[in-house]
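Asks:
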Amino acid sequence: MRKPVLIGNWKMNGSLQANQALMVRLLPRLRLYRKSVDLAVCPPLPYLFQVRDLLGYTGIALGAQNASAFVSGAYTGEVSATMLQEMGCRYVLVGHSERRTLYGESNQEVAARFRAVMNLGLTPVLCVGESLDERETEQTSSVVESQIQAVIDEVGFSALANGVVAYEPVWAIGTGRTATPEQVSVVHQNIRGFIAANAPEASQDISEGLRIIYGGSVKPSNALDLFSLADVDGGLIGGASLHAEDFGSIAGSLAKASGILEGECETH
Ligand code: 13P
-7 MRKPVLIGNW
3 KMNGSLQANQ
13 ALMVRLLPRL
23 RLYRKSVDLA
33 VCPPLPYLFQ
43 VRDLLGYTGI
53 ALGAQNASAF
63 VSGAYTGEVS
73 ATMLQEMGCR
83 YVLVGHSERR
93 TLYGESNQEV
103 AARFRAVMNL
113 GLTPVLCVGE
123 SLDERETEQT
133 SSVVESQIQA
143 VIDEVGFSAL
153 ANGVVAYEPV
163 WAIGTGRTAT
173 PEQVSVVHQN
183 IRGFIAANAP
193 EASQDISEGL
203 RIIYGGSVKP
213 SNALDLFSLA
223 DVDGGLIGGA
233 SLHAEDFGSI
243 AGSLAKASGI
253 LEGECETH
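Taking the working numbering, the leading residue of the sequence shown gets -7, the next gets one more, and so forth.
What follows is the structure in structure tokens.
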């Protein structure tokens, strides 16, 4: 059984004061679900230290929004996975669509970043997804498959199992326009099917164990419908992760959809 995972991507938002206020309200809410759901927040780099301290021993993980493909050296502006590991990060997003579209990260570059994160024993969260134009021209499957294939080419098929795949249709990110449960279901099934179909004969099929999560305008009002889909194993949340009530409510929906509420864990 796949344990659901919920990750808050704060993007380039926050301040020392705002982070403190958010975490004080968020932690009591998230604590209710931490046994049934893997939970993480990804603040901007300058705040990792602050947020790590605020997370303390809550069991809620720290994550980062990107990592260099390199271990160290003359790469101004970059941060290595080793540094993130030292700061206590457990998850690292790679290939977020904002990195791909605004900063030109190619499939190959994203794959190299995936490898660097994986090599450190951290969990890379590989973000994939199509633009509106690609959806309208029926290229969704081929775009998503080539984004995943680049990682398989880089790290090998079995190593993909070290990561989480996040399907985030570009047109649904920050737009308030959520993909419908039907659209999400089709893509998640395709991803699992693509991985199953591409397993080399000697390799074990990793598709059933791989967590595939959804991101793109997830909010309290649509979270339960999305998380109830059979192939959706959690969420990657942007805007709503900056609001304690909303992120707490979304975590509750994920716990509910997975059928294991904390109270039930403790009493049975
Ligand atoms: P929104 O939830 O704000 O649409 O952002 C999704 C996202 O990009 C998470 O990585």
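Yeah, the Cβ is synthetic: ideal placement off N, Cα and C, and Gly gets one too.
1. Taking 8 angstroms as the limit between beta carbons, can you name the residues of its chain near Phe62, skipping five residues before and five after?
2. Would you say Ser209 touches ligand 3, meaning its beta carbon is less than 7 angstroms from a heavy atom?
3. Any idea what DSSP makes of Ile165, helix, strand or coil?
4. Can you tell me whether Asp30 is buried or exposed, with buried defined as 16 or more other CB within 10 angstroms of its CB?
5. Inspect the beta-carbon positions of Phe149 and Ala191 and report whether they are closer than 8 angstroms.
6. Using 8 angstroms as the Cβ pair cut-off and three pairs as the minimum, do the stretch 14 to 25 and the stretch 207 to 227 touch?
7. Any contact between the stretch 45 to 62 and the stretch 123 to 142? By contact I mean 3 or more CB pairs, one from each, below 8 angstroms.
8. Just curious, the beta strand (DSSP E) that Ile204 is in, first and last residue?
9. Note the first and the last residue of the continuous alpha helix (DSSP H) segment covering Ile198.
10. Where do the N-terminal and C-terminal ends of the beta strand (DSSP E) with Asp30 fall, by residue?
11. For Met(-7), count the other beta carbons within 10 Å of its own beta carbon; 16 or more makes it buried, fewer makes it exposed. Which is it?
12. Going by the CB atoms, is the gap between Val176 and Asp115 shorter than 8 angstroms?
13. Consult DSSP for Val178 and reduce its assignment to one of helix, strand or coil.
14. CB-CB under 7 angstroms to Gly80, same chain, minus the five flanking residues each way: which ones, in chain order?
15. Pick from Glu126, Glu174, Phe106 and Thr129: whose alpha carbon is nearest that of Ala151?
16. According to the neighbour-count rule (16 or more other Cβ atoms, all chains shown, within 10 Å of its Cβ), is Asp225 buried or exposed?
17. Just the C-alpha distance for Val120 and Tyr83, rounded to the nearest angstrom, thanks.
18. Measure the C-alpha to C-alpha separation of Val102 and Met15 and round it to an integer number of angstroms.
19. Suppose contacts are defined by Cβ-Cβ distances below 8 angstroms. Is Thr322 in contact with Asn111 by that definition?
20. What residues in its chain sit with their C-beta under 6 angstroms from that of Ser133, if we drop five residues either side in the sequence?
21. Rounded to a whole number of angstroms, what is the C-alpha to C-alpha distance between Ile187 and Ser195?
22. Taking the runs of the alpha helix (DSSP H) that are 4 residues or longer, which of them lie wholly in the stretch 14 to 83?
23. Quick one: measure Cβ to Cβ for Ala164 and Ser209, integer angstroms, because I've assumed they're closer than 8 angstroms.
24. Using the C-alpha atoms, what's the distance from Lys27 back to Glu258?
25. What whole-angstrom Cβ distance do Val(-3) and Arg203 have, given they're in contact under 8 angstroms?
26. Within 10 angstroms of its Cβ, does Leu85 collect 16 or more other Cβ (buried), or is it exposed?
Replies: Per the coordinate set shown:
1. Cβ contact annotation for Phe62 (same chain, cutoff 8 angstroms, sequence separation greater than five): Glu70, Ser72 and Ala108, in chain order.
2. Among the ligands modelled here, namely ligand 1, ligand 3 does not occur.
3. Of the three classes helix, strand and coil, the one that applies to Ile165 here is coil, per DSSP.
4. With 16 or more Cβ atoms within 10 Å of its Cβ, Asp30 is classed as buried.
5. One thing to note: Phe149 has its Cβ within 8 angstroms of the Cβ of Ala191.
6. The way I'd put it, the stretch 14 to 25 doesn't touch the stretch 207 to 227; fewer than three beta-carbon pairs between them come closer than 8 angstroms.
7. Fewer than three pairs of CB atoms, one per stretch, sit closer than 8 angstroms, so the stretch 45 to 62 makes no contact with the stretch 123 to 142.
8. Ile204 -> beta strand (DSSP E) spans Arg203 to Gly207.
9. If you look at Ile198, you'll find it isn't in any alpha helix (DSSP H); DSSP assigns it neither H nor E.
10. In this chain, the beta strand (DSSP E) harbouring Asp30 covers Asp30 to Cys34.
11. By the 10 Å Cβ count, Met(-7) comes out exposed.
12. A quick correction: the sequence has Thr, not Asp, at residue 115. Their beta carbons are not under 8 angstroms apart, which means Thr115 does not touch Val176 by this criterion.
13. Note: Val178 maps to helix in three-state DSSP.
14. Counting only residues of its own chain and dropping the five nearest sequence neighbours on each side, Gly80 has a CB closer than 7 angstroms to the CB of Arg44 and Leu54.
15. Looking at the Cα atoms, Phe106 is the closest of the given residues.
16. Asp225 counts as buried, since no fewer than 16 other beta carbons sit within 10 angstroms of its beta carbon.
17. If you take the alpha carbons of Val120 and Tyr83, they lie about 16 angstroms apart.
18. Here the C-alpha atom of Val102 lies approximately 30 angstroms from the C-alpha atom of Met15.
19. Nothing in the structure corresponds to residue 322, since the chain is present only between -7 and 260.
20. Same-chain partners within the cutoff: Asn182.
21. So the two alpha carbons sit approximately 11 angstroms from each other.
22. The stretch 14 to 83 contains these whole alpha helix (DSSP H) runs: 40 to 47 and 73 to 78.
23. The Cβ separation is near 5 angstroms, so the contact holds.
24. Model confidence at Glu258 stands at a pLDDT of 38, short of 50, so the residue's coordinates are unreliable and nothing is read from them.
25. Confirmed, Cβ separation roughly 6 angstroms.
26. It counts as buried.
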